[in-house]
Amino acid sequence: MNQVTRRKRRWRLIYIFLLLTLLVYIFSRAFHIEIRTKEPLTFLGNEDLAPVSYTDNGEAKGVVVDIVEALGVQIDRDIEVITMDWEEAQLNVLNGDADGLLYMNENEARQHMFDFSDPFLETEFHFFVRSSDRSIQNVNDLRNKRVGLEQVGYPYVVLQNHSDINSVFISNWRTAFQQLADGELDALVVDRWVGEYELAESRISGIRIVEEPFAVQRTGIAIRKNEDLLLEELNGAIKSITDSGELPQILDRWGGKRVIYLTEERFKYYMLLGVTLFLGIIVIGVSFFIFNLGQMNKHLTQEVERRTLELKNKNKALETLNYELQQISLVDKLTNIANRRHLDSELEKSWAIKMDEEQPLAIIMIDIDHFKTFNDLYGHVAGDTCLNKVANTLSSCVIRAGDLVARYGGEEFMVMLLRATSSDAYNMAESMRKKVEQLEIKNGQGQVTISLGVASMIPSKGRMLSDLVYMADRALYIAKQEGRNRVRIAREEDEKTSQDTK
Numbered sequence: 001m002n003q004v005t006r007r008k009r010r011w012r013l014i015y016i017f018l019l020l021t022l023l024v025y026i027f028s029r030a031f032h033i034e035i036r037t038k039e040p041l042t043f044l045g046n047e048d049l050a051p052v053s054y055t056d057n058g059e060a061k062g063v064v065v066d067i068v069e070a071l072g073v074q075i076d077r078d079i080e081v082i083t084m085d086w087e088e089a090q091l092n093v094l095n096g097d098a099d100g101l102l103y104m105n106e107n108e109a110r111q112h113m114f115d116f117s118d119p120f121l122e123t124e125f126h127f128f129v130r131s132s133d134r135s136i137q138n139v140n141d142l143r144n145k146r147v148g149l150e151q152v153g154y155p156y157v158v159l160q161n162h163s164d165i166n167s168v169f170i171s172n173w174r175t176a177f178q179q180l181a182d183g184e185l186d187a188l189v190v191d192r193w194v195g196e197y198e199l200a201e202s203r204i205s206g207i208r209i210v211e212e213p214f215a216v217q218r219t220g221i222a223i224r225k226n227e228d229l230l231l232e233e234l235n236g237a238i239k240s241i242t243d244s245g246e247l248p249q250i251l252d253r254w255g256g257k258r259v260i261y262l263t264e265e266r267f268k269y270y271m272l273l274g275v276t277l278f279l280g281i282i283v284i285g286v287s288f289f290i291f292n293l294g295q296m297n298k299h300l301t302q303e304v305e306r307r308t309l310e311l312k313n314k315n316k317a318l319e320t321l322n323y324e325l326q327q328i329s330l331v332d333k334l335t336n337i338a339n340r341r342h343l344d345s346e347l348e349k350s351w352a353i354k355m356d357e358e359q360p361l362a363i364i365m366i367d368i369d370h371f372k373t374f375n376d377l378y379g380h381v382a383g384d385t386c387l388n389k390v391a392n393t394l395s396s397c398v399i400r401a402g403d404l405v406a407r408y409g410g411e412e413f414m415v416m417l418l419r420a421t422s423s424d425a426y427n428m429a430e431s432m433r434k435k436v437e438q439l440e441i442k443n444g445q446g447q448v449t450i451s452l453g454v455a456s457m458i459p460s461k462g463r464m465l466s467d468l469v470y471m472a473d474r475a476l477y478i479a480k481q482e483g484r485n486r487v488r489i490a491r492e493e494d495e496k497t498s499q500d501t502k
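Numbering-wise, our numbering puts 190 at position 190 of the sequence shown, and it's gapless, one number per residue.
Quick look at the structure:
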């Protein structure tokens, strides 16, 4: 009897131990997930896509900004939205400096780089033409026409298959619509919402929209690969604000702003004709709308301000530390420009993006002439000062976002130029050569000069980044042989030499 009792007691202890172990495991997993889901997020938007996303007095605003703020409330996480150059934003997300991209259309190439949330907005791309032009109704009517579009947008991906269309890359929508009105362009391809908003704000007249959409896309949020937990949270939040009616309210709110803006323009036209009754109706309508909008946004604005202030306070020390660590890992200690590690990383990312966009990537390889002689004559302290002056001079020539100047090693430097042909890169290199020469740094009987090798190519599956680097290095070598203090562009025979030596 005692033996049976002891056996039962032993089994009870085993059951209790297993139960406690299971509870500890479940609690630890829940605690880990809770901590993970409370981490703040950073999403990036296009700075030139009003009213979808844009910058207003240094702050991100737009339809998707309001939607993301609503998603942040649903998942109980602080979300910071930053608007910037769209190509730079994609690089930042790939580089891990941000968590996602807002309002990004999905295609096969982008699916290899990002995961996409469930769509929550519909994008209609339309043709905008001059009011007097009735010849353009669909894409087949664009043959031999000058068509303005964004270089990194979805319409470019579709239209690049139409070689008979003269694509013109635009810098911003307001300038593009003015060029269309002046006859410098025959058509623009743009999101309908963005185009109508820009026309209303700029008051550019004489332009109409082709009602049949060129393409229709369902759009969501793009995030880095393998962020499954974040993707699940976002999809759940999107479903919640859709089912609750909050998403349609946000869309109606922004749609209402656009309608009132256009009606105000019409009102001013009728005011010239003396229609005072119409003026009264508009004033009453605007006042009623503003009152309701203020009530709806009051709570949300207060909550966003509170969370933004809390997030800034929490991240202040962390941002300082992260900046210091980034400077140590990515910046050359002597010259205070990008180091070789930073350069190699940016080259690989830019090579992949330019392969997707079928756009050229250029590099300039630079070497200080007779630098060993300079060190022998004046010492290493003077040599370091010389390196700093040359680095600062090269950096002053590179001002376009995305381009990069780096110390390649010793007295060698390299410059990466996005969307630059050999001619573009040559002009940049020649400007650098002249500015270094104008420093008039004495070197024995002469002065400090530089030699430069230039190479540019459109990345493809049949080519490698090392080919481009080899071509620039080979061109630099030839520039040295030809007498130094000159720029040499890589030629076809240089590339053939590269392939023969592999």
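We treat Cβ as the ideally placed atom computed from N, Cα and C, and that holds for glycine.
Next on the checklist: Please tell me whether alanine 406 and alanine 338 are closer than 7 Å, where the distance is taken between their beta carbons.
Outcome noted: yes
Checklist entry - Do the region 160-168 and the region 103-115 touch if we need at least three Cβ pairs shorter than 8 Å? => result no
Checklist entry - With which residues is serine 167 paired in a DSSP beta bridge? => result Val147
Next on the checklist: Measuring alpha carbon to alpha carbon, tell me which residue in Arg174, Gln447, Asp133, Ile478 is nearest leucine 199.
Outcome noted: Arg174
Checklist entry - Which residue spans inside the region 398-482 form an unbroken alpha helix (DSSP H) run of at least 4? => result 422-437, 465-481
Checklist entry - Does the region 452-470 come close enough to the region 342-351 to have 3 or more Cβ pairs within less than 8 Å? => result yes
Item to check | Proximal residues to methionine 365 (C-beta, below 6 Å), its chain only, five neighbours per side dropped | outcome: Met414, Gly453, Ala472, Asp473, Leu476
Item to check | Contact set for glutamate 440: own chain, Cβ-Cβ below 8 Å, skip 5 residues either direction | outcome: Gln447
Checklist entry - Residues in its own chain within less than 6 Å of tryptophan 11 by CB, not counting five upstream and five downstream? => result none
Checklist entry - Just the Cα atoms here: how many angstroms apart are aspartate 48 and aspartate 384? => result 42 Å
Checklist entry - Are the beta-carbon atoms belonging to threonine 42 and aspartate 99 less than 7 Å from one another? => result yes
Next on the checklist: Please tell me whether leucine 188 and glycine 148 are closer than 7 Å, where the distance is taken between their beta carbons.
Outcome noted: yes
Checklist entry - What is the DSSP secondary structure of phenylalanine 291, counted as helix, strand or coil? => result helix
Item to check | Nearest-angstrom Cβ-Cβ length linking methionine 84 and leucine 44, presumed shorter than 8 Å | outcome: 6 Å
Next on the checklist: Quick check: the Cα distance between glutamate 358 and serine 460, rounded to an integer number of angstroms?
Outcome noted: 8 Å
Checklist entry - Does the distance from the CB of phenylalanine 177 to the CB of isoleucine 221 come in under 7 Å? => result no
Checklist entry - Hey, how far is the Cα of arginine 491 from the Cα of glutamate 430? => result 17 Å
Next on the checklist: Can you find the residues in the same chain that come closer than 8 Å, C-beta to C-beta, to tyrosine 154, ignoring five residues on each side of it along the sequence?
Outcome noted: Asn105, Asn107, Thr123, Phe125, Ala215, Gln217
Checklist entry - Roughly how many whole angstroms lie between the Cα atoms of lysine 145 and glycine 183? => result 11 Å
Checklist entry - If you drop the 5 nearest sequence neighbours on each side, which residues of the same chain put their C-beta closer than 7 Å to that of isoleucine 489? => result Ser422, Tyr426, Val454, Ala475
Checklist entry - Taking the DSSP output, what are the residues bridged to histidine 126? => result Val190
Checklist entry - If you drop the 5 nearest sequence neighbours on each side, which residues of the same chain put their C-beta closer than 6 Å to that of leucine 71? => result Ala237
Item to check | Own chain residues within Cβ distance below 6 Å of tyrosine 15, not counting five before or after | outcome: none
Checklist entry - Looking only at its own chain, which residues have a Cβ that is under 8 Å from the Cβ of leucine 343, when we skip the five neighbours before and after it? => result Leu404, Ala406, Tyr408, Met414, Met416
Checklist entry - Expressed to the nearest angstrom, what Euclidean distance is found between the alpha-carbon atoms of isoleucine 207 and threonine 449? => result 54 Å
Next on the checklist: I need the boundaries of the beta strand (DSSP E) containing phenylalanine 43, first residue and last residue.
Outcome noted: 41-46
Item to check | Simplified DSSP assignment, three categories, for lysine 257 | outcome: With a pLDDT of 47 at lysine 257, under the threshold of 50, the predicted position of this residue should be treated as unreliable, and no value is reported.
Item to check | Distance between glycine 285 and cysteine 397 (C-alpha atoms, nearest Å) | outcome: 53 Å
Checklist entry - Among Glu211, Val139, Gln151, which one has its Cα closest to the Cα of aspartate 164? => result Val139
Next on the checklist: Check this for me: beta carbons of glutamine 137 and serine 240, under 7 Å apart or not?
Outcome noted: no
Checklist entry - Applying the criterion that 16 or more other CB atoms from any shown protein chain within 10 Å of the CB defines a buried residue, is phenylalanine 127 buried or exposed? => result buried
Item to check | Beta carbon of glutamate 411 nearer than 7 Å to that of isoleucine 368 | outcome: yes
Next on the checklist: Let's test the definition: count the other Cβ atoms within 10 Å of the Cβ of glutamate 503 and tell me whether it reaches 16, buried, or not, exposed.
Outcome noted: Any question about residue 503 goes unanswered here, given that the chain covers just 1 to 502.
Checklist entry - Which word fits methionine 296, buried or exposed, when buried means at least 16 other C-beta atoms lie within 10 angstroms of its C-beta? => result exposed
Next on the checklist: Applying the 10 Å Cβ sphere with the 16-neighbour rule, what's the burial state of aspartate 191?
Outcome noted: buried
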